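Protein sequences, first through last, are from chains A and B. Every number in my numbering is 1 more than the matching position in the first sequence, counting from 1. Every number in my numbering is 1 more than the matching position in the second sequence, counting from 1. We put the CB at the ideal spot given by N, CA and C, even for glycine. Just so it is clear, the structure is predicted and the values come from calculations on it, not from any experiment. Have a look at the structure below, then the notes.
Number of protein chains: 2
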Amino acid sequence: MLWRDMKAWQIYGANTDVGKTIVSTILCKALAKRAPTNGLLYLKPVSTGPDGEADDKHITKYAPDVLSKCLKQYSQPLSPHLAARLDEPNYEVNRRVGKLGTADWTLLNRVKDTLTRHHKEGGRYALLETAGGVLSPGPSGTVQADLYRPLRLPVLLIGDAKLGGIGTTISAFESLRLRGYDVQSVLLFDMPKWGNAKYLSDYFSHHSITTLSIPVPPERDVDAMKDQDQLAAYYEKVSSGGVLTSIVDMLHQNHFSRISKLTSMPSHAESVIWHPFRQYGLPQNVIAIDSAYNDHFEAYNQETDFVTNQPEKPISGLQPLKSTTPEAPLLTPFFDASASWWTQGLGHGNPNLSLTASHAAGRYGHVMFANAVHEPAIDLCYNLLSTIQNPRLARVFFTDNGSTGMEVAVKMALRATAKRYNWDDHNGEIGILGLKGSYHGDTIGVMNCSEPSPFNAKVDWYKPWGFWFSPPEVKLVKGQWQVQFPADGTMPRETGSTTLFPSLNAIFNFEAREDDAVFYTDYIVRSLTHLTHHQKRKFGALILEPLIMGAGGMIFVDPLFQRTLIKTIRDNPQIINPAYQSAAISRANSDPTNWSGLPIVADEVFTGLYRLGRPSSSSFWNAASSSGPEADISPDISCHAKLLTGGLLPLALTIASDSIFNTFISDSKADALLHGHSYTAHPIGCAVANRSLDEMRTLSESGITGASQPLQDSMGSWDGYRASWTPADTSISSQVHDIFSFWDPHFLATLSNHQRVASCISIGTVLALTLESVTSGYNSTAAVSLQARLMSDLDKHGRGVHSRILGDVIYFMTSLETSMEEVKNLQGTILKALDAELEAQRS
Amino acid sequence: MLWRDMKAWQIYGANTDVGKTIVSTILCKALAKRAPTNGLLYLKPVSTGPDGEADDKHITKYAPDVLSKCLKQYSQPLSPHLAARLDEPNYEVNRRVGKLGTADWTLLNRVKDTLTRHHKEGGRYALLETAGGVLSPGPSGTVQADLYRPLRLPVLLIGDAKLGGIGTTISAFESLRLRGYDVQSVLLFDMPKWGNAKYLSDYFSHHSITTLSIPVPPERDVDAMKDQDQLAAYYEKVSSGGVLTSIVDMLHQNHFSRISKLTSMPSHAESVIWHPFRQYGLPQNVIAIDSAYNDHFEAYNQETDFVTNQPEKPISGLQPLKSTTPEAPLLTPFFDASASWWTQGLGHGNPNLSLTASHAAGRYGHVMFANAVHEPAIDLCYNLLSTIQNPRLARVFFTDNGSTGMEVAVKMALRATAKRYNWDDHNGEIGILGLKGSYHGDTIGVMNCSEPSPFNAKVDWYKPWGFWFSPPEVKLVKGQWQVQFPADGTMPRETGSTTLFPSLNAIFNFEAREDDAVFYTDYIVRSLTHLTHHQKRKFGALILEPLIMGAGGMIFVDPLFQRTLIKTIRDNPQIINPAYQSAAISRANSDPTNWSGLPIVADEVFTGLYRLGRPSSSSFWNAASSSGPEADISPDISCHAKLLTGGLLPLALTIASDSIFNTFISDSKADALLHGHSYTAHPIGCAVANRSLDEMRTLSESGITGASQPLQDSMGSWDGYRASWTPADTSISSQVHDIFSFWDPHFLATLSNHQRVASCISIGTVLALTLESVTSGYNSTAAVSLQARLMSDLDKHGRGVHSRILGDVIYFMTSLETSMEEVKNLQGTILKALDAELEAQRS
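So this is what it looks like as structure tokens:
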């Protein structure tokens with residue numbers, strides 16, 4: 002809702018009865034002087050009370066050259082949430098605090114349409130007046146500042162000039178701020194007795210906000226005609242006065258400043274920022290994100306902006322994109338289809354997380370964590386352990402991101418192995434075992450845990466320390482789920498290179514895949530024996546990304562292969578350390594949570610915490626028949642980040658078993674795990690993570706088997722997704738619990754049969770397509786072209802899709818709150834774009 | 002303000018005139034039934050209006066068995082900030098939004114004293130009633146929720162039952178939350194017409210807060226006697242009713258839960274947390290931090306708690322500590338003397354930072370930064386570049402903490418060197434140059450940048466890649482500033498091992514130290530030539546922590562030595578790369594910001610951003626005579642974290658010159674800097690950092706030469722510190738600008754002459770003491786004992802000091818806002834503890 006040639010503001014009141022409509026009338030009259038005929042719209046989306054007393058009628062009466070409109074007038078002078086219920090008993094009640102319901106979106110879309118139409122018809126100004134105070138409920142019960150947040154119009158806050166009004170005005174301001182609004186100005190009546198205007202003017206100057214006093218309106222006169230004349234004279238005088246002129250000038254100025262700042266951001270970024278993962282020698286389109294809400298960015302896309310940019314050839318270097326007209330809105334909503342690098346879970350601009358963050362900030366700021374503890378950290382530990390339900394894990398170590406979390410995991414695992422096997426040395430002899438395509442972060446220590454790739458080729462201190470198996474991969478090809486064996490021939494598979502499955506679910510039915518398990522075990526034993534016995538190599542850990550290797554190209558690994566790797570290493574410690582023959586025997590008699598063979602590290606940074614539909618992605622390794630997590634298969638160390646804070650801010654946890662923890666205990670400080678970042682366990686991160694885990698758990702719970710009082714919008718919100726993935730195969734006993742995706746299986750089948758698509762994968766919120774392409778892999782431009790098209794070909798609501806690519810793979814990811822309707826819409830957009838690509842290719 | 006046997010609450014109103022005093026009276030009467038005689042105190046700290054109408058008189062009338070007290074009664078029925086000015090024209094006006102002024106502290110201490118005395122006299126309950134609404138101003142103008150924040154009493158929020166009251170009640174709640182308060186319950190009158198109680202009950206249940214309805218009081222009767230009787234009957238009835246019983250039960254329950262949760266935190270931590278840098282085989286006292294404000298933690302110290310712990314021998318394993326009595330407060334304020342691992346700058350629980358964080362959270366959440374940009378990131382880049390004023394630095398790269406920031410710096414520098422010198426290889430041949438005692442973080446890549454030490458001895462993949470000079474050190478010994486040359490004999494110093502200086506300032510007067518510079522140059526040239534020409538070693542970067550190497554033991558390096566190292570390497574590239582003779586010549590003709598010899602990396606993570614009194618700690622390398630930063634001496638890459646966000650949450654920036662940046666430009670993606678954490682440039686961190694830089698700049702500015710309208714409390718707040726460090730030496734021309742400390746020079750002299758102190762250092766906010774000890778270094782217990790004493794020997798205000806040690810070094814650090822009075826108090830505490838240590842040693 003931002004145009005170059007139309008200015009729109011939202012009027013909020015610090016409380017009810019602070020004179021919002023009077024100030025709106027003054028503003029309307031002042032703006033009307035500068036507007037063309039029919040150029041100014043006064044919009045009251047919701048009004049309560051008798052029609053004759055309605056605010057829009059007041060405007061019509063005293064500012065007749067203003068277009069005045071009310072979208073919904075309720076008859077009773079009550080709060081809209083009560084008034085709506087009286088007039089429309091079935092009006093939807095929204096019970097999701099901080100999140101919009103269906104009725105809210107309907108109302109909001111009417112507001113959007115009204116503003117858009119006004120603009121199209123030559124409108125130059127719009128004033129949107131709310132009802133009551135900032136957090137007064139709207140018709141559905143959603144508080145207004147939440148209800149109108151997706152518009153994020155610049156706000157004029159009408160302050161309270163009476164006794165007590167200082168406090169209510171500042172509180173109202175704070176409620177707006179924590180929902181991401183920008184307040185342009187505070188306006189209030191000039192009542193010197195209470196001194197509010199003077200005080201607030203000083204106070205808000207610390208927030209660079211101008212406070213302005215408006216003369217008090219005349220006392221009400223019993224003579225209606227006289228009263229009307231007095232008021233008209235008051236309006237005429239005040240709206241022509243110097244204060245109003247200066248307000249209007251300031252509002253104009255702010256509008257142009259905002260646009261200028263927004264549209265110059267990409268070029269400012271070019272001169273001062275060093276973007277991650279960006280090759281500055283190649284053309285690149287940088288978008289300027291103005292704000293974000295739920296699944297969407299509101300962003301300025303320089304590549305499609307007509308005014309600042311009239312490129313013959315757009316920056317992306319691909320086919321010319323459609324330029325917008327100068328009248329087009331400057332901000333485009335883009336679906337955040339990379340979930341902002343896989344972090345987003347509970348929606349951008351979530352006011353519950355914002356309030357949680359600010360409470361921790363206000364209570365603690367950051368406080369020391371060495372030999373100290375605080376409530377959010379303790380609560381988070383217990384919450385996470387009960388969420389992931391791994392029978393081995395017991396101790397929680399805090400760091401700041403997945404990379405540092407994995408550095409800690411590596412330090413833990415290597416020390417445990419080196420100590421048990423007496424391999425103490427610093428010659429880099431101890432490597433790790435992993436899979437080809439793995440990636441564990443950008444710090445050099447964990448880069449060394451992956452095989453050579455373009456990511457580490459130019460990192461001077463990179464040194465591959467380990468051995469990596471080529472994994473068998475799960476794919477959907479031409480409607481057929483299958484496991485493909487590595488193309489590099491490392492795995493001798495006599496029966497051919499692919500095994501077919503009737504469903505994705507069937508791939509997880511390990512009991513039915515006994516033959517595959519035997520084959521994998523044999524292959525793993527032989528490979529490892531060769532490495533350790535013949536090549537005399539030493540290993541310190543098995544590190545796996547459960548199910549999907551993200552950065553490596555969204556490689557969906559056969560879970561049975563990962564499961565078998567773990568089992569084989571645990572059952573055969575003598576293969577890892579030939580000098581340690583007794584371990585296999587001693588293990589049976591000892592603690593079943595003790596690590597065996599090698600510490601098993603699960604890097605759940607991307608795949609964990611509901612990204613794939615389950616709290617822990619290691620749980621996909623469990624057999625279908627096991628009622629709960631299998632201790633035998635559970636990792637000894639697991640690492641969690643990204644979704645941990647619901648998508649708000651950095652925090653990582655590395656969790657270890659007691660057997661790992663005990664390795665570091667001695668009477669020497671030097672044996673401790675000497676690792677700890679300054680902001681270790683920062684209370685804001687812990688508090689937000691704690692709240693996020695609660696909200697994510699609620700979302701994931703089935704409504705059918707859920708709590709006794711399900712809230713209609715939040716409980717069971719994934720049941721639709723689950724239902725669509727229930728296999729048609731009626732032999733229920735062969736099904737594995739909770740294998741599903743947010744993406745529809747019929748859509749996947751269509752996709753996998755598309756001529757532009759070589760194969761695809763999907764589970765949980767993730768969808769990835771490998772595109773057909775003449776040049777495959779990293780040099781392919783097939784994905785680049787599709788990615789650019791999704792940004793520029795907007796849907797009927799004017800929305801685009803912001804996606805990320807990895808070579809010839811393009812992927813899409815929802816948050817945990819994305820609705821079925823939204824997913825369906827996205828699916829349509831993706832298919833349409835693929836068709837257009839095909840068309841372009843043909844012509 | 003937390004006792005086992007006394008419960009205290011604070012009553013806040015959602016607005017003025019919501020019935021706070023009526024509800025308080027009801028609560029008083031209900032609580033009085035359970036309290037012993039004189040066991041319940043009603044405290045109204047500030048009241049306005051005629052004495053007869055005062056709230057405390059109302060309580061006395063209707064709840065006569067309650068002790069009722071008002072600390073300050075102003076005569077006019079106005080907001081206290083106006084009423085105070087009328088009665089006491091000189092009452093201090095506080096202009097620092099969000100921060101307390103002197104008058105606020107005076108009032109607050111009176112409240113504390115009153116509550117403490119009440120408790121001592123057998124009090125079991127206290128209700129503290131505020132005036133007006135949550136953010137109504139107190140007498141100084143400070144809003145009440147800020148004014149009383151240091152008490153952080155559990156809050157009972159009296160909601161507004163009238164039309165509009167839903168919004169004002171929720172906003173009031175949010176204002177309390179973002180200041181760190183815990184709201185126990187929301188109470189409001191039962192006025193079904195507006196439906197507020199019903200709505201709020203549902204709303205607050207999402208925050209696990211109970212909302213309770215109170216019957217509406219009787220209408221006022223014109224007959225005063227009748228009115229009084231009606232009201233008394235109302236109070237009697239309501240206070241005995243079921244709702245009040247359940248409120249009181251809940252409040253009791255919450256009190257015990259809070260204490261139980263608080264006191265069990267240390268043992269919960271023992272079972273589930275893996276603390277950083279902690280050896281679990283050694284006894285350790287873990288404190289539970291309940292909250293923090295400005296420089297202090299409010300913490301539960303299990304080691305001095307009488308009830309849960311009656312140890313014959315305390316956990317620390319040292320001399321028995323004083324146990325407190327069961328009546329002692331459970332929370333002790335501890336000065337956060339490590340500034341929470343060197344992060345703290347603008348005070349714990351700073352409401353301005355809290356509001357800034359929540360606004361960014363509400364506007365964006367986190368949004369993608371790859372090929373995208375947002376306002377807080379752009380603003381921060383420009384703000385930081387103008388703050389540090391380094392003529393070379395141009396490009397800002399974002400990561401999450403100092404360690405990852407330095408990983409990026411290392412990647413940048415090594416690539417630049419390897420590319421220019423054609424040293425492309427992965428054999429780990431390219432090392433770094435640095436100083437012994439350096440430390441750059443806990444990730445393995447940057448651990449490899451430091452020489453072997455206890456920190457990396459047990460990190461299996463640690464490999465020291467470089468050469469480290471033993472640095473000459475600055476120390477204050479027996480009142481004498483000096484430079485001590487390395488004890489290891491690496492630096493041949495004919496004239497003896499120590500050079501004396503009349504002041505700290507004189508050490509920075511490089512022009513007067515020409516001989517030292519010549520000596521250093523000669524030594525460096527010979528050492529490097531030996532390494533590169535004879536040993537054929539390759540180096541990729543010079544990495545320095547300007548001035549103080551923190552983790553290495555607060556080693557204060559002679560700045561002239563660091564300056565000379567940089568100059569020597571820049572002037573003699575042929576020493577670094579014998580095959581690159583032409584560089585010295587070509588350099589003069591090329592871009593003066595191009596790197597020469599080696600990229601110079603400044604690790605300012607600890608020392609930068611005002612920690613040592615200056616925006617950039619690299620600026621200490623500049624010559625006294627240079628009017629601004631010297632390009633010749635400025636680093637090519639610098640890294641900033643810790644104080645960057647004012648002490649609130651993790652964020653790091655690595656800034657590079659264009660000559661470094663250009664290294665990564667090509668037409669191949671694989672040549673880019675392929676580094677980027679998920680939450681790169683998270684908007685909350687950027688927004689908070691931006692605000693923090695502004696606040697820190699204001700604090701650092703001199704009031705004398707400052708802006709035209711200095712605010713008394715913020716501008717020039719360091720002038721007192723600066724003045725005390727102006728050298729007595731009158732030859733002004735020899736003085737270097739802005740060499741000062743928050744610690745008094747006379748105190749330092751006393752300290753350095755103390756029998757327990759071997760030497761000390763201080764600059765900016767940092768003070769470090771090396772203690773005299775039989776066993777020196779890492780195994781010394783001298784510092785442990787002093788550290789424990791500072792925790793247990795409380796000062797006359799009942800406050801302790803929480804400090805951190807590094808072997809036989811104990812250090813203390815203030816925030817950037819710590820007052821001279823607070824520093825003076827700390828200085829006294831430190832000297833007293835040292836004396837007590839001496840006494841204990843003698844006996």
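Query	Result
Less than 7 Å between C-beta atoms, sequence neighbours within five positions excluded: which residues of the same chain meet that for B:Q736?	N506 and P728
Look up A:D230 in the DSSP assignment and say whether it is helix, strand or coil.	helix
Compare the C-beta of A:M266 against all C-beta atoms of chain B and say whether one is closer than 7 Å.	yes
List the endpoints of the continuous alpha helix (DSSP H) containing B:A542.	Per DSSP, B:A542 belongs to no alpha helix (DSSP H); it is in the beta strand (DSSP E), K539 to L545.
Step through the CB atoms of chain B and report whether any lies within less than 7 Å of the CB of A:W10.	no
Within its chain, find whatever has a CB closer than 6 Å to the CB of A:A841; leave out the 5 residues flanking it on each side and keep chain order.	none
I'd like to know if B:S95 contacts chain A, where contact means its C-beta is closer than 7 Å to some C-beta of that chain.	A quick correction: the sequence has Asn, not Ser, at residue 95 of chain B. Judged by the 7 Å Cβ criterion, B:N95 is not in contact with chain A.
Taking only beta carbons into account, state which residues of the region 35-67 of chain B come closer than 8 Å to chain A, listed in chain order.	none
Is any beta-carbon of chain A found at less than 7 Å from that of B:C382?	yes
If we count the other Cβ atoms within 10 Å of its Cβ and call it buried at 16 or more, is A:S6 buried or exposed?	The amino acid at residue 6 of chain A is misidentified as Ser; the sequence shows Asp. So A:D6 ends up on the exposed side.
Kindly say whether A:I159, judged by its beta-carbon, lies nearer than 7 Å to any beta-carbon of chain B.	no
Which of the residues in the region 626-652 of chain B, read from start to end, lie with their CB under 9 Å from any CB of chain A?	A642, K643, T646, G647, G648, L649, L650, P651 and L652
Just list the beta strand (DSSP E) runs in the region 549-612 of chain A, keeping only unbroken ones of 3 residues or longer that don't cross its boundaries, in chain order.	601-604
In the DSSP assignment, find the alpha helix (DSSP H) that holds B:G99 and state where it starts and stops.	No alpha helix (DSSP H) holds B:G99; DSSP gives it neither H nor E.
Give me the subset of the region 172-185 of chain B whose CB atoms are less than 7 Å from a CB atom of chain A, sorted by chain position.	S172, A173, E175, S176, R178, L179, R180 and G181
For B:L356, collect the residues of the same chain with a Cβ closer than 7 Å to its Cβ; drop the 5 residues on either side in sequence, then sort them by chain order.	L179
Can you check the region 393-434 of chain A for any alpha helix (DSSP H) of at least 4 residues that lies completely inside it and give the ranges in chain order?	403-421
Listing by chain order, which chain B residues have their CB less than 8 Å from the CB of A:D114?	Neighbours of A:D114 on chain B: none; closest Cβ ~24 Å, over 8 Å.
Which same chain residues, not among the five before or five after A:G480, have their C-beta less than 6 Å away from its C-beta?	A750, S753 and N754
If we cut at 7 Å on Cβ distances, does A:V98 have a partner in chain B?	yes
If we ignore side chains and look at the alpha-carbon of each, how far apart do A:Q713 and B:T131 end up?	For A:Q713, the predicted structure reports a pLDDT of 46, less than 50, and the residue's modelled location is therefore unreliable. A value from the coordinates is still provided. The straight-line gap from Cα to Cα measures roughly 40 Å.
Looking at chain B, which residues of the region 121-151 of chain A have a Cβ within less than 9 Å of any of its Cβ atoms?	G133, G134, V135, L136, S137, P138, G142, V144, Q145, A146 and R150
Do the region 644-654 of chain A and the region 338-349 of chain A touch if we need at least three Cβ pairs shorter than 8 Å?	yes
What separation, rounded to the nearest whole angstrom, lies between the Cα atoms of A:L795 and A:W726?	30 Å
Mind pulling the chain A residues with CB within less than 7 Å of B:F336?	Going along chain A, no residue has its Cβ under 7 Å from B:F336, so there is no contact; the nearest lies around 12 Å.
Starting from B:N302, follow the beta strand (DSSP E) in both directions and report where the run begins and ends.	H297 to N302
Just mark A:H375 as buried or exposed, buried being the case when its beta carbon has 16 or more other beta carbons within 10 Å.	buried
Check whether the region 653-667 of chain B touches the region 281-299 of chain A, counting contact only when three or more Cβ pairs, one atom from each stretch, lie closer than 8 Å.	yes
Helix, strand or coil for A:C687, going by three-state DSSP, please let me know.	helix
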